[in-house]
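**Student:** Protein chains in written order, with my numbering: chain B, 1196 to 1721; chain A, 352 to 626; chain D, 5 to 317.
Have a look at this one before I ask anything.
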């Protein structure tokens, strides 16, 4: 059972020591990620940076390998009954939380429950769930009312919220309530004494972490930490971050602006690396509640107006880094197909668009486009979008504001001239976007749904069909049907897909590719 | 003859005024002497200066020449409007506070409070919390300037109040309003003109700073600050993107300051700059 | 004297009260929603509403204000909506870099500015005067972030003399600390040098024009020692005023400079907080900055009595 207080104290002692003695630069990796960690509870929020933090201090029951297939991580053995309704999992030996206590099946079960409430896949599981129970210290059982083929995909998913295992005590917190305690069983321990929220977050190697013996592969395999300390620095100014990377003051920069890549590439000490094959997808939200885009024909007219190439180029410069994508689900993913993409293959066609605008009865009313001014790729895409719509004859009103305002204003269901909106821009991970359940924007559940509130019964039927499809091939077939329907109703659109390369100093190697996370285990410095 | 003599005695005013006149002229003529400042051609991004684009293009493929000239309009509009508004409002409050003791205590406490809030933070907060627009930026820069004008006006009023001719007017039975308007107001004009030039310069600079922090006028509207802020990634790769608006900005600020200094010497106002 | 100080300290209270009301209303009546940002991109409107309730943001504004004010009077600035850390400890963590930057900037600026101001005044009308004042006006005309990038480009990337960014605490060594502060304080000091140099020059000229100085000059007393002994003493009062007023300028510049040089100071803290609408941090920082401003100006006022005994009373 749980170890006593003495053991806990002994285990905590090295952590305290290392807080006082700073490891040398050669054993420290300094990184600049894409943003600041908004809060430490990666279940409570779906913010990506919180998941990055989570991947450092927590461990997962399952990881994904470099082919995105689920592989056991904290789990040693698992099995499923013949009727596919009872799943049994056994935790591997030697798992310990940073407070010294052992990880038990009860911790895992509670963590699954809390995660499930916040996760799209988790909610589907909950609908089918009979019970999750700990059979003994190391074994837990998930029993279902009906089959759920995506169970392991959900458990291993690297998209937020990620199923991180916390202590039962924290995991039993209301999923809508934030946890401030940071005790995990991951490869790193957060050094809270030296962390300066908003400026630098410090993670020390977890001396009690017991990695798997297999070689690391994405978030599967052994999470072997090869340095003493990792620092996440918050550096919002990209010009400064690139300069710091060139000067060797930081080792890794997740999002060097594409325009500075020339400057970086000529530097003999820096390498570019692509860590996310599916990249990121640019999402154009359309408001279904108010004219003009409550009208299907007018939404369809956008298909013939929006030119992704032009919206991508100002930010991502070279085709090496971006692509136009006519798919409803991420291009390059197994779900990519070409159903109903005549509009895309034909390229922009303003005559056709004007025909649709006329048939849809566009009356010249302004289209209010929310433009996030502090996120360059969104700002550029919106600027170009406005020009394209104007060329077709739409009356466009750009509403520039910072991102904090966009996220509030897009929740407003009122008319566009009364605090509402017609169009907003955001983005989502390519992996999430390859799954009609992972992000809220794929649902068409009307005004209960995500911002834009599209409503379409057929799309909902097809999504349910997709989730219940037992094999990949069947899911792909449903994917075609989904897309066929989507480009008829146009629930939302895309402004392109891009793969942002990361940059690192050449002496820091061993970076692993995990969609929507940056693993710091396996990385070494010479 | 007179003009020649004035120029010889006040070369800085003349130099500044000539630069400013040229910029104002360019700003007024912008639609006729340049192309569309908003039109973007992504294929033409970051072109160096050449025959088609005299000053090159920016990262969205917009004509920098057109944007710089049009930028003069907004930058000047921001500068002049902020100066005008803060002087007018500050003058009203300052006169009242300086002349009527009862108003004074309350108003000055309020002004102290307003002055204590860091101007740039107040402006960032005002702009980022509201929808970005030129109007909001102007208001955001004006508010922190007002207390400085009020203090200046009040101090002039306090000095003038004690003058014998005012006391004479009071004992002669003139009403307060009349005294303020007829006798006190004129003495504030000279220092205010000088103060206004400095406010113009600082308003243009603050607008640039706000744009840098992402809290300026809407990105589609060209202003010099905006252009520099949006192009700062390209300083090394495409220096022309920053060069044109940067030079224009520095030149106008320089010109405004020259005029301000010249006026200050010419009108011999000691107070203005200290506020 | 003690009575004066006490009275002045008391007069700070209504000023700070006004600041508190302005700041609170400004933030809470304006749009922007911290709950949506905390919740992340994929959250449902329901999740966001629950977070809003937890943060107390669904309460009426006057109620939120009272809660904040009562805590404030007790010296409690609240806790960050995002990390849950107390605002006072966040500010304390960030104070050292900001104070360091402000002090080094002030020292660099005052030293440089007074030297060139006095020089220009002594050689009034000569080409040295023009050059020095031309430079001063130019320093005033270039935005601080442009100066910052140029300095980084030249001294950090090309010459590699100084670090690009960051801050090294004093505890880690004085040399490291200084190395990190050189570029930011020069960048930030430029405008300040320009301002103080001009004032020094004009004040000096005014003082030089006074009768007793003319007499002294006519008598042939050595010009240089005259300048520094008599004139500077008289110019001290307006210069002190400028420093008091300039604190506002400095605080404004700190916000931008900390962003350019990635200095983890209070300016960065508040700019990031504004972008996220972390209300308690924004309110707390503005209260602290305003308090510093008021206090510095109080000290400047009191310093008049030191420089110029006539002001006493």
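Glycine included, every Cβ here is placed at the ideal spot set by N, Cα and C.
1) Given this structure, state the Cα-to-Cα distance separating residue 101 of chain D from residue 289 of chain D, to the nearest angstrom.
2) Could you tell me whether the Cβ of residue 159 of chain D comes closer than 9 Å to any Cβ of chain A?
3) What are the start and end residues of the beta strand (DSSP E) that includes residue 413 of chain A?
4) How many angstroms separate the CA atom of residue 1682 of chain B from the CA atom of residue 1523 of chain B?
5) Kindly indicate if chain B contains any beta-carbon less than 9 Å away from that of residue 470 of chain A.
6) The stretch 1562-1590 of chain B: which residues have C-beta closer than 8 Å to a C-beta of chain A, in chain order?
7) When burial is assigned at 16 or more other CB atoms within 10 Å of the CB, is residue 1333 of chain B buried or exposed?
8) Name the one or two DSSP bridge partners that residue 1724 of chain B has.
9) Alpha carbon to alpha carbon, how far is residue 136 of chain D from residue 358 of chain A? Give it in angstroms, no decimals.
10) Does the distance from the CB of residue 1706 of chain B to the CB of residue 1470 of chain B come in under 9 Å?
11) If you count every other CB in all the chains shown that lies within 10 Å of the CB of residue 115 of chain D, and 16 or more means buried, which is it?
12) When you compare only the Cα positions, how much space is there between residue 1211 of chain B and residue 1457 of chain B?
13) Could you work out which residues of chain B lie near residue 168 of chain D, taking near to mean beta carbons separated by less than 7 Å?
14) Determine the chain A residues that contact residue 1457 of chain B at a beta-carbon separation under 7 Å, and present them in chain order.
15) Whose Cβ in chain D lies nearer than 7 Å to the Cβ of residue 1432 of chain B?
16) Within 10 angstroms of its Cβ, does residue 1278 of chain B collect 16 or more other Cβ (buried), or is it exposed?
17) Could you spell out the range, first to last residue, of the beta strand (DSSP E) harbouring residue 1590 of chain B?
18) Where residue 1282 of chain B and residue 1291 of chain B are concerned, what is the direct C-alpha to C-alpha distance, given to the nearest angstrom?
19) Just confirm the distance between the C-beta atoms of residue 1702 of chain B and residue 1421 of chain B, as a whole number of angstroms; I'd bet it's less than 8 Å.
20) Just grab the DSSP bridge partners of residue 1566 of chain B for me.
21) According to DSSP, simplified to helix, strand and coil, what is residue 1654 of chain B?
22) According to DSSP, is residue 565 of chain A part of a helix, a strand, or is it coil?
23) Along chain B, in chain order, which residues have C-beta atoms closer than 7 Å to that of residue 40 of chain D?
24) Label residue 1380 of chain B either buried or exposed according to how many other C-beta atoms from any shown protein chain fall within 10 Å of its C-beta, with 16 as the threshold for buried.
25) Does the stretch 258-272 of chain D touch the stretch 91-108 of chain D, meaning 3 or more C-beta pairs lie closer than 8 Å?
26) Could you name the residues of chain B that residue 153 of chain D contacts, counting a contact when the two beta carbons are closer than 8 Å?
27) Have a look at the DSSP bridge pairing and note the partners of residue 1704 of chain B.
28) Mind the definition here: the stretch 605-616 of chain A touches the stretch 541-554 of chain A only if three or more C-beta pairs lie below 8 Å; say whether that holds.
29) Which same chain residues, not among the five before or five after residue 392 of chain A, have their C-beta less than 6 Å away from its C-beta?
30) Give the interface partners of residue 1593 of chain B over in chain A, defined as CB-CB distance under 9 Å, in chain order.
31) With 16 other CB atoms within 10 Å as the buried threshold, where does residue 93 of chain D fall?
32) By DSSP, does residue 132 of chain D sit in helix, in strand, or in coil?
33) So, is the C-beta of residue 287 of chain D closer than 9 Å to a C-beta in chain B?
34) If you draw a straight line from the C-alpha of residue 1403 of chain B to the C-alpha of residue 1220 of chain B, how long is it?
35) Do you know offhand how far residue 398 of chain A's Cα is from residue 414 of chain A's?
36) Go through its chain and collect everything with a Cβ distance to residue 1231 of chain B's Cβ below 7 Å, but skip five positions before and after it.
**Tutor:** In short, the structure shows the following:
1) Residue numbering aside, residue 101 of chain D sits at position 97 when the third chain is read from its first letter. Residue numbering aside, residue 289 of chain D sits at position 285 when the third chain is read from its first letter. Linking residue 101 of chain D to residue 289 of chain D through their CA atoms gives a straight-line distance of about 15 Å.
2) Counting from 1 along the third chain, the entry for residue 159 of chain D is found at position 155. Not flagged as an interface residue toward chain A: residue 159 of chain D, since no C-beta distance is shorter than 9 Å.
3) Walking along the second chain from the start, residue 413 of chain A turns up at place 62. Taken as a continuous stretch (DSSP letters only), residue 413 of chain A belongs to no beta strand (DSSP E), as it is neither H nor E.
4) Residue mapping note: residue 1682 of chain B aligns to position 487 of the first chain, counting from 1. Residue mapping note: residue 1523 of chain B aligns to position 328 of the first chain, counting from 1. Residue 1682 of chain B and residue 1523 of chain B: Cα-Cα distance of roughly 8 Å.
5) As a position in the second chain, residue 470 of chain A is number 119, starting the count at 1. No - not a single Cβ of chain B is within 9 Å of the one on residue 470 of chain A.
6) 1566, 1568, 1569, 1574, 1575, 1578, 1579, 1581 and 1582
7) For the purposes of this step, residue 1333 of chain B is identified with residue 138 of the first chain, where counting begins at 1. Buried is the call here.
8) The structure shown does not extend to residue 1724 of chain B, since chain B is modelled only from 1196 to 1721, so the question has no answer here.
9) If you number the second chain from 1, residue 358 of chain A lands on position 7. If you number the third chain from 1, residue 136 of chain D lands on position 132. The alpha-carbon atoms of residue 358 of chain A and residue 136 of chain D are separated by roughly 22 Å.
10) Position 511 of the first chain, counted from the first residue, corresponds to residue 1706 of chain B. Position 275 of the first chain, counted from the first residue, corresponds to residue 1470 of chain B. Yes, the Cβ-Cβ distance between residue 1706 of chain B and residue 1470 of chain B is below 9 Å.
11) For the purposes of this step, residue 115 of chain D is taken as residue 111 along the third chain, with counting starting at 1. So residue 115 of chain D ends up on the exposed side.
12) In the first chain, counting from the first residue as 1, residue 1211 of chain B sits at position 16. In the first chain, counting from the first residue as 1, residue 1457 of chain B sits at position 262. Note that residue 1211 of chain B scores 42 on pLDDT, short of 50, meaning its location in the model is unreliable and no value can be drawn from it.
13) The residue given as residue 168 of chain D occupies position 164 in the third chain. Chain B residues near residue 168 of chain D: 1435, 1438, 1439, 1442 and 1444.
14) Mapped onto the first chain, residue 1457 of chain B falls at position 262. Result: 588.
15) Counting from one through the first chain, the residue named residue 1432 of chain B turns up at place 237. Neighbours of residue 1432 of chain B on chain D, chain order: 263, 264 and 266.
16) The residue labelled residue 1278 of chain B in the question sits at position 83 within the first chain. Burial call: exposed.
17) As a first step, residue 1590 of chain B is located in the first chain; it is residue number 395 there, counting from the start. First-last of the beta strand (DSSP E) with residue 1590 of chain B: 1590-1596.
18) Position 87 of the first chain, counted from the first residue, corresponds to residue 1282 of chain B. Position 96 of the first chain, counted from the first residue, corresponds to residue 1291 of chain B. One C-alpha to the other measures close to 24 Å.
19) As a working note, residue 1702 of chain B is residue 507 in the first chain. As a working note, residue 1421 of chain B is residue 226 in the first chain. Their Cβ separation, rounded to whole angstroms, is 13 Å, which puts residue 1702 of chain B and residue 1421 of chain B out of contact at 8 Å.
20) The sequence position of residue 1566 of chain B within the first chain is 371, counting from 1. B:1595, per the DSSP bridge assignment.
21) Reading the first chain from its first residue, position 459 is the one you call residue 1654 of chain B. If DSSP states are grouped into helix, strand and coil, residue 1654 of chain B belongs with the helices.
22) Sequence index remark: in the second chain, residue 565 of chain A carries index 214 (1-based). Coil at residue 565 of chain A, not helix or strand.
23) Locating residue 40 of chain D in the third chain gives position 36, where the first residue counts as 1. Here the neighbours are 1602, 1603 and 1606.
24) Here residue 1380 of chain B refers to the residue found at position 185 when the first chain is read from its first residue. Flag for residue 1380 of chain B reads buried.
25) yes
26) Residue numbering aside, residue 153 of chain D sits at position 149 when the third chain is read from its first letter. Neighbours of residue 153 of chain D on chain B, chain order: 1434.
27) In the first chain, residue 1704 of chain B corresponds to position 509, counting from 1. BP columns for residue 1704 of chain B point to B:1719.
28) yes
29) By 1-based counting over the second chain, the position of residue 392 of chain A is 41. Excluding residues within five positions, the ones whose Cβ falls inside 6 Å are 412.
30) Position 398 of the first chain, counted from the start, is the residue given in the question as residue 1593 of chain B. Chain A residues near residue 1593 of chain B: 569, 570 and 571.
31) Along the third chain, read from residue 1 onward, the residue named residue 93 of chain D stands at position 89. Exposed, by the Cβ-count rule.
32) Residue mapping note: residue 132 of chain D aligns to position 128 of the third chain, counting from 1. Reduced to three states, the DSSP call for residue 132 of chain D is helix.
33) Numbered from 1 along the third chain, position 283 holds the residue referred to as residue 287 of chain D. No, residue 287 of chain D does not count as interfacial toward chain B.
34) On the first chain, position 208 is the one that residue 1403 of chain B refers to. On the first chain, position 25 is the one that residue 1220 of chain B refers to. So the two alpha carbons sit approximately 22 Å from each other.
35) Position 47 of the second chain, counted from the first residue, corresponds to residue 398 of chain A. Position 63 of the second chain, counted from the first residue, corresponds to residue 414 of chain A. Going from the Cα of residue 398 of chain A to the Cα of residue 414 of chain A covers about 9 Å.
36) As a position in the first chain, residue 1231 of chain B is number 36, starting the count at 1. Excluding sequence neighbours, residue 1231 of chain B sits near 1244, 1393 and 1429.
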